[in-house]
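Right, one structure below, let's go through it.
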Amino acid sequence: MDTWIWVVIVIVALIGGVVIGFFAARQYMMKYLKENPPINEQMLRMMMAQMGRKPSEKQVKQMMNQMNKMQNK
Numbered sequence: 001m002d003t004w005i006w007v008v009i010v011i012v013a014l015i016g017g018v019v020i021g022f023f024a025a026r027q028y029m030m031k032y033l034k035e036n037p038p039i040n041e042q043m044l045r046m047m048m049a050q051m052g053r054k055p056s057e058k059q060v061k062q063m064m065n066q067m068n069k070m071q072n073k
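full-length UniProt numbering applies: residue 1 is where the sequence shown begins, and numbers increase by one.
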C-alpha cells in the first residue's frame, strides 16, 4: 500500500478517538455529578452541625452565595 493511505488511516483513527473520548468523558462526568452532587444547603447545615455550630438561615445563604461565587470564577 502507498504511504498516503496509511497517513489517511492514522488521521481518521485519531479524529475518531478524539470524538469517542470526548463523548465518553462527557458521559462519565454527567454520571459522576448525578451520583455525587455538589454541596447544597442541607450538606452545609450538616457540616456546620458537625463542627458544633447551629447556623441561622442567613449564615447558610451567605455560605452558599460565597461557594457559588467561587465556583463561577
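Note that beta-carbon positions come from the ideal geometry of N, C-alpha and C, so glycine has one too.
Report the option in the options whose CA atom is closest to the CA atom of residue i.
i: Q62; options: A25, P38, R45, M51; result: R45
i: Q71; options: I20, A25, N40; result: N40
i: E57; options: Q42, Q50, M67; result: Q42
Within the same chain, show all residues whose beta-carbon is closer than 7 Å to that of residue i, passing over the 5 residues directly before and after it, in chain order.
i: K69; result: none
i: R53; result: none
i: V60; result: E41, L44, R45
Would you kindly check if the distance between the Cβ of residue j and the Cβ of residue i is under 8 Å?
i: M48; j: P55; result: yes
List the endpoints of the continuous alpha helix (DSSP H) containing residue i.
i: R26; result: 3-35
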